[in-house]
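Q:
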RNA sequence: GAGAGUAUAGCUCAGCUGGUUAGAGCGAUAGUUUGUGGCACUAUAGGUCGUGGGUUCGAGCCCCAUUACUCUCCCCA
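Numbering (our numbering), first residue to last: 131 to 579.
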């Protein structure tokens with residue numbers, strides 16, 4: 131038989147990894163909850179129609195499509211064969227596939243709003259932590275199945291939402307112990323730049339090129355813009371924009387001189403100033419663009435300090451997400467946590483608390499039939515007090531039982547042999563320090579494990 | 001979609017210009033006179049060298065094909 135293997139780009143998570151990941155999820159979830167966000171879960175699969183065309187041409191190709199379960203009527207055979215040829219040509223047909231795996235959490239959320247907007251109280255704040263699937267070529271830090279962790283608020287234009295989301299970022303990362311820089315920019319400013327440059331149609335090309343700045347450098351960005359058909363003069367203005375620097379105040383000052391005449395630019399600057407008034411721990415970065423096209427206002431990106439790693443969070447404001455589903459005029463703003471990268475950062479900087487990694491707290495040694503029966507009885511009492519315990523599965527040498535505890539990193543061993551059984555006592559040993567003490571069996575329940 | 005690399009024991013890898021019975025470390029299991037572990041020592045198990053062809057007296061090593069995985073670009077989290 132062939133060796134079993136995993137589908138490309140997927141992973142098993144062992145006990146230690148699951149615990150650490152849960153720790154991240156729980157920390158972020160608790161912050162979401164404290165800020166009044168409500169959980170939402172949507173199905174792993176959506177109707178293909180719901181997803182197609184929402185992520186651009188590239189994105190459509192990366193959607194995992196689910197094959198229909200055969201024909202209900204043999205008469206359709208010929209038609210099906212015909213339709214299948216279309217699939218081979220890269221086209222979609224509901225005859226062959228009408229469902230697909232969730233590609234992100236935002237579109238299913240928009241779909242949910244579109245279905246339920248009549249019954250929801252706005253502003254509607256939800257968070258969602260679920261896996262998504264992409265038929266991408268996997269590589270480092272990039273998988274075909276991975277978790278997203280999103281919080282959005284829709285039905286409100288207030289910038290207070292942006293303030294809250296920025297605060298959620300700093301609170302969550304502080305709780306996780308990660309030192310981060312929260313960068314912000316405003317799509318309105320980028321739009322203004324395109325207007326000032328004199329070519330609004332090139333907005334997307336400009337943002338895409340700018341987004342690559344820290345990766346490929348100013349020279350290559352110029353090259354790319356040139357290729358997209360911008361003139362040297364236009365690119366000079368963009369370069370001037372990209373070289374803005376200094377403190378937040380200085381940056382705003384420089385930008386004002388550059389874009390002051392432009393209405394959009396003015397609003398964009400005012401919005402950023404609104405956030406700055408809240409004394410948030412944020413940094414203006416006018417070179418921040420983010421790839422997703424649906425953003426229209428403030429955009430966020432979070433980077434971990436002291437470690438070489440891409441962004442570990444991002445988000446922004448969008449005006450009309452549900453318009454795609456026929457329900458217009460519901461603006462929103464949202465953020466996302468990149469859990470897999472956060473995991474890598476925390477692993478590298480050793481930020482996981484040791485408690486997270488302990489499964490079983492106490493191992494009861496098995497030293498005979500009567501002894502283990504007593505041990506079992508005591509163990510159940512500890513379990514009732516929510517202390518994770520195990521009884522060694524068979525009577526064997528001390529050596530083996532110790533090794534088991536050692537391998538599983540169990541911090542305490544409780545030893546009840548014939549002597550202890552007779553005298554109603556128990557030996558409790560701290561396996562890390564090697565210290566041990568003898569207690570009355572009933573005192574065990576009061577022991578601070 | 002474009003490109004590069006890797007494939008030998010459960011894991012990480014050696015294996016010389018092709019030459020007899022393919023090795024190490026870690027791990028696993030057992031033991032070192034059966035009520036105190038982690039260390040050390042000893043022993044044992046475990047591989048038709050990814051798969052299919054070819055060259056050769058002879059292939060883990062060379063050639064071709066194929067599959068899987070890893071990485072880079074595109075794109076993205």
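All residues carry an ideal CB built from backbone N, CA and C; glycine is no exception. The structure presented is a predicted model; accordingly, all values stated were derived computationally and were not measured.
Closer than 8 angstroms is the cut-off here; do at least three beta carbon pairs connect the segment 272 to 279 with the segment 299 to 308?
A: Segments in contact, no.
Q: Please classify residue 439: does DSSP put it in a helix, a strand, or coil?
A: Taking the first residue of the first chain as 1, we reach residue 439 at position 309. Residue state, collapsed to three classes: coil.
Q: Looking at the secondary structure, which residues open and close the beta strand (DSSP E) in which residue 434 lies?
A: Along the first chain, read from residue 1 onward, the residue named residue 434 stands at position 304. Its beta strand (DSSP E) spans residues 425 to 434.
Q: Based on the DSSP secondary-structure assignment, which residues constitute the bridge partners of residue 135?
A: Here residue 135 refers to the residue found at position 5 of the first chain. In the DSSP output, where bridge partners are listed per residue, residue 135 has none listed.
Q: Just the C-alpha distance for residue 253 and residue 467, rounded to the nearest angstrom, thanks.
A: Locating residue 253 in the first chain gives position 123, where the first residue counts as 1. Locating residue 467 in the first chain gives position 337, where the first residue counts as 1. Approximately 21 angstroms, taken between the alpha carbons.
Q: With burial defined as no fewer than 16 other Cβ atoms inside 10 Å of the residue's Cβ, what is the status of residue 321: buried or exposed?
A: Here residue 321 is taken as the residue at index 191 of the first chain, counted from 1. Buried, because 16 or more other Cβ atoms sit within 10 Å of the Cβ of residue 321.
Q: Helix or strand or just coil, what does DSSP make of residue 562?
A: As a first step, residue 562 must be located in the first chain, where it is residue number 432. Residue 562: coil per DSSP, three-state reduction.
Q: Please report how far the alpha carbon of residue 285 lies from the alpha carbon of residue 175, in whole angstroms.
A: Indexing the first chain from 1 puts residue 285 at position 155. Indexing the first chain from 1 puts residue 175 at position 45. Taking the straight line joining both Cα atoms gives about 26 angstroms.
Q: Specify the secondary structure class of residue 182 as computed by DSSP and reduced to three states.
A: Residue 182 sits at position 52 when you count from the first residue of the first chain. If DSSP states are grouped into helix, strand and coil, residue 182 belongs with coil.
Q: Taking the CB atoms as reference points, tell me whether residue 490 and residue 524 lie closer together than 7 angstroms.
A: Stepping through the first chain from its first residue, residue 490 is reached at position 360. Stepping through the first chain from its first residue, residue 524 is reached at position 394. Not a contact, by the Cβ cut-off of 7 angstroms.
Q: Below 8 angstroms on the Cβ atoms is my guess for residue 501 versus residue 547; work out the distance and round it to an integer in Å.
A: Taking the first residue of the first chain as position 1, residue 501 is located at position 371. Taking the first residue of the first chain as position 1, residue 547 is located at position 417. Right, the Cβ-Cβ distance comes to about 6 angstroms (below 8 angstroms), so this counts as a contact.
Q: May I ask which residues mark the beginning and end of the alpha helix (DSSP H) holding residue 246?
A: Against the first chain, residue 246 aligns to sequence position 116. Start and end: 236 to 246.
Q: Note down the Cα distance separating residue 332 from residue 323, rounded to an integer number of angstroms.
A: Start at 1 with the first residue of the first chain, and residue 332 comes out as number 202. Start at 1 with the first residue of the first chain, and residue 323 comes out as number 193. For residue 332 and residue 323, the distance between alpha carbons rounds to 10 angstroms.
Q: Just curious, the beta strand (DSSP E) that residue 205 is in, first and last residue?
A: Counting from 1 along the first chain, the entry for residue 205 is found at position 75. Where residue 205 is concerned, there is no enclosing beta strand (DSSP E), given that its DSSP letter is neither H nor E.
Q: Would you mind working out which of 406, 367, 270 sits nearest residue 387, comparing C-alpha positions?
A: For the purposes of this step, residue 387 is identified with residue 257 of the first chain, where counting begins at 1. With distances taken between Cα atoms, residue 387 lies closest to 367.
Q: Three or more C-beta pairs closer than 8 angstroms, one from the segment 140 to 148 and one from the segment 198 to 214: is that the case here?
A: At 8 angstroms Cβ cutoff, the stretches do not touch.
Q: Counting C-beta neighbours from all protein chains within 10 Å, is the total for residue 461 16 or more, i.e. buried, or is it exposed?
A: Position 331 of the first chain, counted from the first residue, corresponds to residue 461. Counting Cβ neighbours within 10 Å, residue 461 comes out buried, since at least 16 surround it.
Q: Please report the distance separating the alpha-carbon of residue 119 from that of residue 169.
A: Outside the displayed span of the chain (131 to 579) sits residue 119, for which this structure offers no information.
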